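Asks:
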Amino acid sequence: MTDKGNLLEVRGLTKCYKGDVKALDNVSIDVRRGEFVTIIGASGAGKSTLLRCINRLIEPTTGTVAFDGREMTTLGKHDLRLARQRISMIFQHYNLVYRMTAIENVLHGRLGYKSTLAGALGLYSEDEKALAFKVLDQVGLSDFAYTRTDQLSGGQKQRVGIARALVQEPLLMLCDEPIASLDPKSSRTVMERLRWVADELNIACLVNLHQVDFALEFSDRIIGLAKGKKVFEGTPDEVNEEVVHEVYGDIDIEGLPGDRMVPTIVQADVAGGTAGASSTGVA
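Position 24 (the sequence shown) corresponds to 24 in full-length UniProt numbering; numbering is contiguous.
#1: So who's on the other strand from residue 230, going by DSSP bridges?
#2: Measure the beta-carbon distance from residue 125 to residue 109 and round it to whole angstroms, keeping in mind my assumption that it falls under 8 Å.
#3: Between 195, 130, 129, 127, which lies nearest to residue 159 when the distance is taken from Cα to Cα?
#4: Can you tell which of 24, 249, 58, 91 has the C-alpha that lies nearest to the C-alpha of residue 209?
#5: Do you know offhand how far residue 225's Cα is from residue 86's?
#6: Using the Cβ count rule (16 or more neighbours within 10 Å means buried), how would you classify residue 348?
#7: With DSSP collapsed to three states, give me the class of residue 52.
#8: Starting from the C-beta of residue 19, find all residues in its chain whose C-beta is less than 8 Å away, skip the five residues before and the five after it, and write them out in chain order.
#9: Mapping DSSP to helix, strand and coil, what is residue 18?
#10: For my contact list, residue 163 and residue 135 are in at a C-beta cut-off of 8 Å; report their separation, rounded to the angstrom.
#11: Mark residue 49 as exposed unless 16 or more other C-beta atoms lie within 10 angstroms of its C-beta, in which case mark it buried.
#12: Sorted by chain position, which residues of the same chain lie with C-beta nearer than 8 Å to residue 202's C-beta, five sequence neighbours on each side aside?
#13: Which full runs of the beta strand (DSSP E) of 3+ residues lie inside the region 156–214, going along the chain?
#14: Could you check how far apart the C-beta atoms of residue 15 and residue 60 are, in whole angstroms? I think they sit under 8 Å.
#15: Residue ranges of each beta strand (DSSP E) run of no fewer than 3 residues wholly in the region 47–103, ordered along the chain?
#16: To the nearest angstrom, how far is it from the Cα of residue 182 to the Cα of residue 171?
#17: Just list the residues that DSSP pairs residue 247 with in beta bridges.
#18: Could you tell me if residue 7 is buried or exposed, where buried requires 16 or more neighbouring beta carbons within 10 angstroms of its beta carbon?
#19: Go ahead and pull the three-state DSSP assignment for residue 30.
#20: On a CA-only basis, which of 178, 197, 193, 199 is nearest residue 40? Give me that one, please.
#21: Given a threshold of 16 other Cβ atoms within 10 Å of its Cβ, counted over all protein chains shown, does residue 77 qualify as buried or as exposed?
#22: Which same chain residues end up closer than 8 Å to residue 259 when comparing Cβ atoms and leaving out the 5 residues on each side of it in sequence?
#23: Near residue 70, what residues of its chain come up, given a Cβ to Cβ distance below 7 Å and the 5 sequence neighbours on each side ignored?
#24: Evaluate residue 62 with the Cβ neighbour count: other Cβ atoms within 10 Å of its Cβ, from every protein chain shown; 16 or more gives buried, anything less gives exposed.
#25: Give the range of the alpha helix (DSSP H) segment to which residue 135 is assigned.
#26: Can you grab the Cα-Cα spacing for the pair residue 119 / residue 94, in whole Å?
#27: Can the beta-carbon of residue 186 be found closer than 7 Å to that of residue 155?
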């Protein structure tokens, strides 16, 4: 059971692969309703694995995941599907059907509520269609409802992804590198929409980011992962040079106005490789 006020409680989560490789090593986190929490870390730190263990797209090796008072790791197939109705996900590469329109893609967010036959036939109620138009308007894309998604820009595609996540009527949105493929202007638009989702709709957002400057600006709390372990948890104001070095290893620090820090990776020990430098955060 989750404590009062916590929507999500992850305790001692570990994910092992062959050869005793630990993608996650005893990670524990909490997320409250309506909270905006960012996970930062170098590539290979375990950020995506953590999100996918929460909704069991990846099965954890050990540990517990309590969501809205239910233990996710012990749910059977039927109950897991019901729990996933309230956990939506946003992907780096959008996961849209490009031959379909924006509104059709948004309606796919209702598939978890449909029977297999109704989903295959695209049978949606008038209320579901009205909700789909509403969330498209909330992300600023009402004029593009009948536009094929292959004709949209990257930022617009990701906003369709946000609308698809919203139409699920979730309590929690898992956002896996939502701006990694976007230019700075589109990235800001997407981050502003996600922050609005948390503030105005009281939907918790757990967001993986490489762009530490955006994490500092938009987050209520920041969690740092390094080599599968949680090495930092605190507010943006608590992120300093020491924290950044602990999360990313050997880096240069570029100062921002107000003494905020953005890391530029020079060399990181990530899966035996290196990461190149980036002027806007972490590549």
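For every residue, glycine included, the Cβ atom is placed at its ideal position computed from N, Cα and C.
Bear in mind the structure is a predicted one, so any value in this text is a computation, not a measurement.
Replies: Concretely, from the data shown:
#1: 225
#2: Not quite, the Cβ-Cβ distance comes to about 14 Å (not below 8 Å), so this is no contact.
#3: 195
#4: 91
#5: 26 Å
#6: Nothing about residue 348 can be reported from this structure: the residues present for the chain run from 1 to 283 only.
#7: helix
#8: none
#9: coil
#10: 4 Å
#11: buried
#12: 33, 34
#13: 172–176, 204–209
#14: 5 Å
#15: 62–67, 87–90
#16: 26 Å
#17: None; residue 247 has no bridge partner.
#18: buried
#19: strand
#20: 178
#21: exposed
#22: Interpretation of residue 259 is limited by its pLDDT of 47, a score under 50 that renders its predicted location unreliable; no figure is taken from the coordinates.
#23: 83
#24: exposed
#25: 126–138
#26: 20 Å
#27: yes
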